[in-house]
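Below you'll find the structure, written out as structure tokens, and then a few comments.
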Amino acid sequence: MPISLKVNGVERTLECDTRVSLLDALRDHLDLPGTKKGCDHGQCGACTILVNGRRINSCLTLAVMHEGDEITTIEGLGGPEDLSPMQRDFVSCDGYQCGYCTPGQIMSATGMLAEARDGMPSHVSESLIGKANLSDAEIAERMSGNLCRCSAYPFIREAIARNTEQSQ
Amino acid sequence: MREFDYVRADSLDHAAAQAGPHAALIAGGTNLLDLMKLQVMVPERVIDISRLDGLDTIEADGPGLRIGAMVRNADLAADPRIRADYPVLARALLAGASGQIRNKASTGGNLLQRTRCPYFYDTAMACNKRAPGSGCAAEGGASRMLAILGTSKDCRAAHPSDMAVALRALEARVAIRAPNGTERILEMDQLYRLPGDRPDLETELDEGDIITAVLLPAPALGSSQSYRKIRDRASYAFALVSVAAVVTMQDDRIGKASLAFGGLAPRPWKDAQVDAMLAGQAPSEALFSKAADTLLAEAVSDAGNEFKRHLAHRAMIAVLREATGLAPASTGTDLVGEPA
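Protein chains in written order, with this note's numbering: chain A, 447 to 614; chain B, 485 to 824.
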């Protein structure tokens, strides 16, 4: 089926089988391999991207379901010469070891901070009313959909904490 | 994944007309696509209802709320009315899945998600739910995630939803649109079938029926609401046992208690006898323990999930202690505004 997407601000069209996940469409049809395929079942978060500004697992959705949607991948967040603040802090905090989960971690963290700014509570929030203070425990809970098999979690959380409103 | 035709529905009529024995609706897709990749589900036609107008809003419905079936789990948990007036629902949603999944998964899809029984997921194993009549490989198998209430010899799969457990405690109902456009409203225990000898038939939905909304009754003002989930990881794991409670006190006695349980049964589990034992009584650990005995009186467990009896017993007592004021409220227990 023909599909039109707006990927990282650019209109893209592709023709693919109905079975193609949004993840495979990005990697194999649109030549954007920054988004990683880990488990391909929504368990690891390596494929996290933003669709219309919200973080999702790109492996658990079909490309054909996203006609006209705005997609942001790690390539759209920033490149080596113009890193986003989250990318910069992952580098400065050593928020990775092998790096395979890193694009997903950064996209997820970027989406998560937007959720927190909008007042989204979490499972560990004491109160459901008002904005949560993004403590270490809050960041860990909100990022539980992203696994890091190198277990770089403390530095990942530190990188994210540098981007929370309290620390800016 | 097997090949399928993709149909983007432009109306509920269109979606219903495309239904059939080999068709599946897709909303968020987070469970369906997982199962399609494993060929546990192999629909020949996938009908996309995710862009239909009017299904993604939360609206006043008399004194209650009407939650559109396409409202995403994250949006439902974040809605100010849900957080203030139905906190047990917000808590249950936030205890489920991950941030990414909650942004995609829908209200209707959450209700209709399939069990995570490992034998249902493994197409090399016998499973009466996946392949009726093939047997149940779970018998004598790994039962940690399996049910202990409401099961049959043919199926011991547990319903995996957290959201549905909170909805059951809130006495929510489900609006279903028939292919001819008429709407019927079911209690949740009417929606979900118990497995019996047909575990493949999970709900009372007929071909072409579409869940369009979940209906919440008026807020239980003055109630204490709690969702407690016990799982093998601190986050992003299915419940071993979960308890949802909506408790209203009258002076020093329990006016009304509505409890529901997850991880224990093929559907979000409510036992009217348990609620009735608590109503009108002064809260005490002895009372709670007796009610928990009643809840579990007919449990069927094996060595692999025997622990669920004890876990459910203790979790229920712990939740009731907080909800009735015997113990201070911890995270997960919230008060709903006092009656006007």
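All C-beta atoms, glycine included, are put in the ideal place defined by N, C-alpha and C. What you are looking at is a predicted structure, and each value in this text was computed from that prediction instead of being measured.
- Closest by C-alpha distance to G524 of chain A, out of A:G480, A:R501, A:P567 and A:Q543, is A:G480.
- Within the region 544-614 of chain B, complete alpha helix (DSSP H) segments of at least 4 residues are found at 557-562, 564-569, 571-579, 583-588, 591-596 and 602-605, given in chain order.
- M447 of chain A reaches chain B at Y490, counting residues in chain order whose Cβ is nearer than 9 Å.
- Shown here, S726 of chain B sits in a strand according to DSSP, grouped into three states.
- Residue-level contact by beta carbon holds for N503 of chain A and chain B, with a gap shorter than 7 Å.
- The continuous beta strand (DSSP E) containing E516 of chain A extends over residues E516 to T518.
- Look at the region 558-586 of chain A: the residues with a C-beta under 9 Å from a C-beta of chain B are M558, E561, D564, G565, M566, P567, S568, H569, V570, S571, E572, S573, L574, I575 and A586.
- Identification of residues in the region 505-523 of chain A having a C-beta nearer than 9 Å to some C-beta of chain B yields C505, L506, T507, L508, V510, M511 and E513, given in sequence order.
- Under the Cβ distance rule, T481 of chain A does not count among the residues neighbouring chain B, no pair being separated by less than 7 Å.
- Note: P448 of chain A is bridge-paired with A:E461 in the DSSP secondary-structure output.
- The CB of D518 of chain B comes closer than 7 Å to the CB of H487, G488 and L506 in chain A, given here in chain order.
- R712 of chain B places its beta carbon less than 7 Å from that of V727 of chain B.
- The beta carbon of R608 of chain A does not come within 7 Å of any beta carbon belonging to chain B, so the residue lies off that interface.
- Interface residue (Cβ-Cβ distance to chain B less than 7 Å): R588 of chain A is classified as such.
- Boundaries of the beta strand (DSSP E) around K740 of chain B: R737 to G746.
- Here Q709 of chain B really is in contact with V572 of chain B; their C-beta atoms are around 4 Å apart, less than 8 Å.
- Counting of Cβ neighbours within 10 angstroms places G546 of chain B among the exposed residues, the total staying below 16.
- The beta-carbon of T464 of chain A is placed less than 7 Å from the nearest beta-carbon of chain B.
- Listed in chain order, the non-local C-beta contacts of G634 of chain B below 6 Å within the same chain comprise L678, A749 and P750, local neighbours out to five positions each way being set aside.
- If one requires a minimum length of 4 residues, the alpha helix (DSSP H) runs lying completely within the region 769-795 of chain B are 769-780, in chain order.
- Not flagged as an interface residue toward chain A: G739 of chain B, since no C-beta distance is shorter than 7 Å.
- When CB distances to chain A are screened at a threshold of 8 Å, the residues of the region 548-579 of chain B falling below it are A558, A561, A562, R567, A568, P571, A574, R575, L578 and A579, in chain order.
- Secondary structure of I575 of chain A (DSSP, three-state): coil.
- B:D489 is the residue among B:L522, B:D489, B:T599 and B:R550 whose C-alpha sits nearest the C-alpha of E528 of chain B.
- Using a 10 angstroms sphere on the CB of H569 of chain A, the tally of other CB atoms reaches 16 or more, which defines it as buried.
- Any Cβ of chain B closer than 7 Å to the Cβ of T494 of chain A would place that residue at the interface, and such an atom is present.
- In the DSSP secondary-structure assignment, D532 of chain B is bridged to B:R492 and B:I510.
- Segment contact: the region 602-614 of chain B against the region 648-667 of chain B, fewer than three CB-CB distances shorter than 8 Å; contact not assigned.
- Close CB contacts of V530 of chain B within its chain, under the 6 Å cut and outside five residues either way in sequence, are with F488, Y490, A508 and I510 (chain order).
- The region 567-583 of chain A makes no contact with the region 530-546 of chain A: fewer than 3 CB pairs, one atom from each, lie closer than 8 Å.
- For G591 of chain A, the nearest beta carbon of chain B is closer than 7 Å to its own beta carbon.
- The Cβ atoms of L700 of chain B and G548 of chain B lie closer than 7 Å to each other.
- Chain-ordered, the chain A residues with CB closer than 9 Å to the CB of G513 of chain B read L506, T507, L508 and M511.
- Taking all protein chains in view, the Cβ of A776 of chain B is crowded by 16 or more other Cβ atoms within 10 Å, so the residue is classified as buried.
- A Cβ-Cβ distance of about 13 Å is found for the pair M525 of chain B and R465 of chain A, leaving them out of contact under the 8 Å criterion.
- One finds S582, G583 and Q584 in chain B with Cβ atoms closer than 9 Å to the Cβ of S554 of chain A, taken in chain order.
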